[in-house]
Each structure stands twice: as C-alpha cells, then as structure tokens.
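For reference, the structure discussed in these notes is given below.
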Amino acid sequence: MNPPLPGLGRRLLLASLTTSPLAPRGVRATTLPVPAGDRLGFDVMRRGARLGEHVLTFHRTGETLDVTIRVAVAYSIGPITLYRYRHEAQLRWQGARVVAIDSRTDDNGTHDWMNARPGGGAGLVVQGATVPRYTAPPDAEPSTHWNRVELSAPWINTQTGRLMRPTVTPTGRQSIPTVSGTIAAEGYLLTGDVDLRLWYDAAGWAGLEFSKNGTPVSYLRQA
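So the sequence shown is numbered by the working numbering: it starts at 3 and just counts up by one.
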C-alpha cells in the first residue's frame, strides 16, 4: 500500500473586504472580517469520512486582534492510525496589518516551525525551519484564508514561512456544502504556487477543496 495521504498537511495550510471580488493589490480593508461568535470551524472531509477539523478563534482588544488556529487531522483504517497531522498558529493583527506570526507543525512525525516579526522596513521579517530569513513584501498576507484580502496579495505560508504568489481566478457564484446544508458562495481557483479552491460568502470564508492522489479533500464549514 502506498502512504495514504503524503503531503496532506502541507496542502491543509495553503484561510468581500471591498465592493469588487478582489481588492486592488496593496489596498487593505480598515475592518477585518471577524466571524460572528469569534470562531470559525471546518470539518476536514475525504471520501465522505471526517478526518478532523480546522478551527480559528478570535480575540480582540482595542485595535489588536489575536487569532489562534488549530488543525488536527488523522487518517485511520479500523483501529490503526496511518497518518496524523497537527498544526497550531498564533497570529496578531494591529489595525488591518498582521504584525506577528508563530506556528508549530507535526506532519506525521516531521516537525516544522516558522515565525514573522516587524523588521526595520515595512515588511515582516520571516524565518522557518527550512526557510532562511527574508523580508516579506509590505502587502504580504498570511495564508490563513479567513481574510479574503489575501487573494490579491503575496502569501506568507503559515506552516513553512515560504513566500508564495498564487494565481487567483474567480469562478463565479456556486453551490457548496457545509455541515448544516448547501449555501451559495463566490469561488476562486488558485494555481501556481498552490493548487486549491476557496469559497467566500457574506459571512466570510465558506469552504476549501484540493485533490490528493486524485481524491478531493474538502472543508465543510461548521454551523
């Protein structure tokens, strides 16, 4: 048997702020799209089976927004777990600008980390376990997907720290599943540095899908 889900963890981390579908590059919204209840959760699904969940929690103090991301996924056959993935990230926004990122990842026994902090210039200084220190562009956004402005900006990969520049193609309004039923959402196809689909509705990030070994893995938003 081939390894069941090699590289799944990397794909798991690859989350409208203006009147247009994509905000102009370099333009930041003044209000971040924090979800109702300060929580956003997804069931991670493969072939109809729930692998785990991806949960974001939000805490605002004045102009400071702290976001905690936890991803826990396990692939099992019967009582035997063949693959396990854990990721935790802490991010801080000051106003509409991200000012700190810290993450730790256990991808089936392979450990990774990254962090980002303000430097002397306008961009964050980023480093990771496998990524040498560099200064990100001033408009770079973390690849957390909950803030749609990332679709018009370079990405800081929140698992590795790598700078990414995906190509984003709007795919129009589509019906997608959630845990509580089907909704209509605006879709985007991302190619190049990543290969996935994202959806957004009036409440924010609504779904995600990618293929691994020809099998779709999808995020179903929780109620």
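We put the CB at the ideal spot given by N, CA and C, even for glycine. Since the model is a prediction, treat every value here as computed from it, not as a measurement.
{"Query": "Could you tell me the distance, in whole angstroms, from the CA atom of Arg135 to the CA atom of Arg164?", "Result": "10 Å"}
{"Query": "For Asp104, which beta-bridge partners are listed by DSSP?", "Result": "Gln92, Asn117"}
{"Query": "Taking the alpha-carbon positions, what's the Leu53 to Asp141 distance?", "Result": "34 Å"}
{"Query": "Less than 9 Å separating the beta-carbons of Thr70 and Arg88?", "Result": "no"}
{"Query": "Below 8 Å, how does it come out for the region 60 to 78 and the region 93 to 113: are there three or more Cβ pairs, yes or no?", "Result": "yes"}
{"Query": "State the Cα-Cα distance for the pair Ser145 and Ile158, rounded to the nearest angstrom.", "Result": "6 Å"}
{"Query": "Would you call Gly177 buried or exposed, if buried means 16 or more other Cβ atoms sit within 10 Å of its Cβ?", "Result": "Here residue 177 turns out to be Ser, not Gly, going by the sequence shown. Ser177 comes out exposed."}
{"Query": "If you count every other CB in all the chains shown that lies within 10 Å of the CB of His113, and 16 or more means buried, which is it?", "Result": "exposed"}
{"Query": "Buried or exposed for Ala187, going by 16 or more other Cβ atoms inside 10 Å?", "Result": "buried"}
{"Query": "If the criterion is Cβ atoms closer than 9 Å, does the pair Val101 and Arg119 meet it?", "Result": "yes"}
{"Query": "Classify Ser213 as helix, strand or coil using the three-state DSSP reduction.", "Result": "strand"}
{"Query": "Could you check whether Thr217 and Arg49 sit closer than 9 Å to each other, using their CB atoms as the reference points?", "Result": "yes"}
{"Query": "Taking DSSP as the reference, what is the three-state secondary structure of Ser154?", "Result": "helix"}
{"Query": "Is DSSP giving Asp40 helix, strand or coil here?", "Result": "helix"}
{"Query": "Sorted by chain position, which residues of the same chain lie with C-beta nearer than 7 Å to Met3's C-beta, five sequence neighbours on each side aside?", "Result": "Annotation note: pLDDT 35 at Met3 (below 50); position unreliable, no value reported."}
{"Query": "For Tyr2, which residues in the same chain have their Cβ closer than 8 Å to its Cβ, ignoring the five residues on either side in sequence?", "Result": "In the structure as shown, the chain starts at 3 and stops at 225, and residue 2 therefore has no counterpart that could be examined."}
{"Query": "For Leu58, which three-state DSSP category applies?", "Result": "strand"}
{"Query": "Between Asp109, Asp195, Gln224, Met166, which lies nearest to Ile185 when the distance is taken from Cα to Cα?", "Result": "Gln224"}
{"Query": "Let me know the beta strand (DSSP E) ranges lying completely inside the region 125 to 208, each 3 residues or longer, listed in chain order.", "Result": "126 to 130, 169 to 180, 183 to 193, 198 to 203"}
{"Query": "With DSSP as the reference, please indicate the residues paired to Pro218 in a beta bridge.", "Result": "Ser213"}
{"Query": "Just checking my contact of Thr173 with Gly189 at CB under 8 Å: how many whole Å lie between their CB atoms?", "Result": "4 Å"}
{"Query": "Quick one: give me the first and last residue of the beta strand (DSSP E) that Arg72 is part of.", "Result": "66 to 79"}
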